[in-house]
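Participant: The structure is given below, and queries will be raised subsequently.
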Amino acid sequence: MTEILGLDIGGANIKAAYIKIENKALKSKKVLTKYFPIWKKGREKLEEPLKTLRSNFTSINLLALTMTAELSDVYFSKKEGVLHILNIVENVFSNIDVKVLSVKGKLLTIEEGRKNALEVAAANWFATGWLASKLSKDCVVVDVGSTTTSIIPVLKGEVAAKGLNDLEKLMIGELVYTGVLRTNVAAIVSQVPIKGKLIDVSSEFFAQSGDIHLILGNIKPSDYTVDTPDGRGTSLSEAAARIARVVCADLDLLTLNEAKAIAKYVYKAQIQQIVKGLRKLIKNFPALKFKPAYTAGLGGKILAWKALKKAGFKDLRDLSTFIGVNEAKAAPAFSLALMGAEFLEGKIEGWKLC
Numbered sequence: 001m002t003e004i005l006g007l008d009i010g011g012a013n014i015k016a017a018y019i020k021i022e023n024k025a026l027k028s029k030k031v032l033t034k035y036f037p038i039w040k041k042g043r044e045k046l047e048e049p050l051k052t053l054r055s056n057f058t059s060i061n062l063l064a065l066t067m068t069a070e071l072s073d074v075y076f077s078k079k080e081g082v083l084h085i086l087n088i089v090e091n092v093f094s095n096i097d098v099k100v101l102s103v104k105g106k107l108l109t110i111e112e113g114r115k116n117a118l119e120v121a122a123a124n125w126f127a128t129g130w131l132a133s134k135l136s137k138d139c140v141v142v143d144v145g146s147t148t149t150s151i152i153p154v155l156k157g158e159v160a161a162k163g164l165n166d167l168e169k170l171m172i173g174e175l176v177y178t179g180v181l182r183t184n185v186a187a188i189v190s191q192v193p194i195k196g197k198l199i200d201v202s203s204e205f206f207a208q209s210g211d212i213h214l215i216l217g218n219i220k221p222s223d224y225t226v227d228t229p230d231g232r233g234t235s236l237s238e239a240a241a242r243i244a245r246v247v248c249a250d251l252d253l254l255t256l257n258e259a260k261a262i263a264k265y266v267y268k269a270q271i272q273q274i275v276k277g278l279r280k281l282i283k284n285f286p287a288l289k290f291k292p293a294y295t296a297g298l299g300g301k302i303l304a305w306k307a308l309k310k311a312g313f314k315d316l317r318d319l320s321t322f323i324g325v326n327e328a329k330a331a332p333a334f335s336l337a338l339m340g341a342e343f344l345e346g347k348i349e350g351w352k353l354c
């Protein structure tokens with residue numbers, strides 16, 4: 001029996017996927033997500049949630065690690081962030097074999113990760129693309145998380161991303177900095193409709209995408225797992241008040257329906273942000289428009305699916321159908337656990353994952 005933990009340390013969330021393998025078959029799986037805003041909690045506190053995680057899984061044979069938290073401004077540089085995260089993980093999981101995912105799809109030792117810090121920074125997208133390659137030899141994956149959207153091309157059974165770091169990915173559309181929960185409304189639109197007119201928005205951080213999707217019923221209050229901009233709750237009225245504040249108003253000046261109208265406009269604009277990235281992808285990989293497209297993440301169905309349809313993709317598939325709902329919300333962590341399984345056990349083709 002083999003036990004593997006896939007660990008994705010993000011700037012806002014720490015996601016872990018545990019799997020148990022017996023006789024080259026997946027016997028059990030579990031996904032855990034911990035909201036940990038590293039810019040707010042502080043880099044020195046990162047060890048605490050990892051120690052808690054470690055105490056829940058005492059007999060794992062392999063830890064497969066990826067990270068995006070190195071981009072947080074608690075670190076002066078990505079390299080500093082990578083080295084700090086590797087040190088913390090090594091200390092907490094001291095008696096466990098740890099492998100670190102690189103942007104080239106290699107599972108490196110911690111020491112190799114240290115020597116190639118920028119190659120293990122923000123490599124989590126590769127794991128999701130790798131898993132999709134097991135389902136379709138040619139496909140696209142659109143993974144919409146709380147903060148960002150990854151667009152991952154797969155060709156001939158291989159992850160075919162042209163960008164190998166966030167900067168390159170932003171330039172070619174493989175990374176779209178928009179997500180379900182944490183995106184500032186002012187980063188999605190510059191104007192919104194009120195009483196038949198388009199009004200400029202404030203650039204203050206008054207409302208975020210979580211408020212948009214909550215008031216429209218796209219997500220439940222329990223899905224809104226991050227801090228709200230004003231520190232208040234996740235009721236409809238509180239979300240509406242935050243949306244009203246985007247145009248320097250409140251619920252005495254705007255009705256709930258007017259706040260919803262603003263939200264609908266922002267929602268359409270956010271879908272269009274992802275469509276823009278997909279159109280760049282189609283220019284680089286024209287044939288993929290006619291191949292299967294997988295959606296993943298908390299925003300898989302409410303953002304990725306709609307963007308793919310608008311961009312002209314026809315064969316749409318939600319990753320949760322193949323691996324489970326919770327696993328699809330933490331696709332990089334779960335995919336990475338499976339990469340670890342293949343590293344230890346051999347090819348996983350034919351495994352029942354859901």
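Residues in the sequence shown are numbered from 1 upward in steps of one, following my numbering.
The beta-carbon is built from N, C-alpha and C at its ideal position, and this holds for glycine as well.
Every value quoted in this text rests on a predicted model; they were computed, and no experiment measured them.
(1) Quick one: what does DSSP say LYS34 is sitting in, helix, strand or coil?
(2) Can you say whether PRO286 is buried or exposed, counting buried as having 16 or more other CB atoms within 10 angstroms of its CB?
(3) Which residue spans inside the segment 22–68 form an unbroken alpha helix (DSSP H) run of at least 4?
(4) Report the option in ASP97, SER77, ARG317 whose CA atom is closest to the CA atom of ILE4.
(5) Going by Cα to Cα distance, which pick from ASN124, GLY210, PHE205 is closest to GLY105?
(6) With distances taken between CB atoms, is the gap from LYS27 to ILE21 smaller than 9 Å?
(7) Residues in its own chain within less than 6 Å of ASP143 by CB, not counting five upstream and five downstream?
(8) Give every residue of the same chain whose Cβ lies closer than 7 Å to the Cβ of ASP252, excluding the five residues on either side of it in the sequence, and list them in chain order.
(9) Using the Cβ count rule (16 or more neighbours within 10 Å means buried), how would you classify CYS139?
(10) According to DSSP, simplified to helix, strand and coil, what is THR225?
(11) Which whole-angstrom value describes the C-beta separation of ILE194 and GLU238, a residue pair presumed to lie in contact below a C-beta threshold of 8 Å?
(12) Is the distance from the Cβ of GLY277 to the Cβ of LEU175 below 9 Å?
(13) From which residue to which residue does the alpha helix (DSSP H) around THR321 run?
(14) Helix, strand or coil for ILE96 per DSSP?
(15) Using CA atoms only, rank isn't needed, just tell me which of LEU256, SER94, ALA16, GLY10 is closest to SER335.
Facilitator: With the given structure in hand:
(1) Strand, per DSSP.
(2) exposed
(3) 38–41, 47–56
(4) ASP97
(5) ASN124
(6) Result yes, Cβ atoms of LYS27 and ILE21 sit closer than 9 Å.
(7) THR128, SER150, ALA296, GLY297, ALA331
(8) none
(9) buried
(10) coil
(11) Not confirmed; about 20 Å, so no contact.
(12) yes
(13) Its alpha helix (DSSP H) spans residues 320–323.
(14) coil
(15) ALA16
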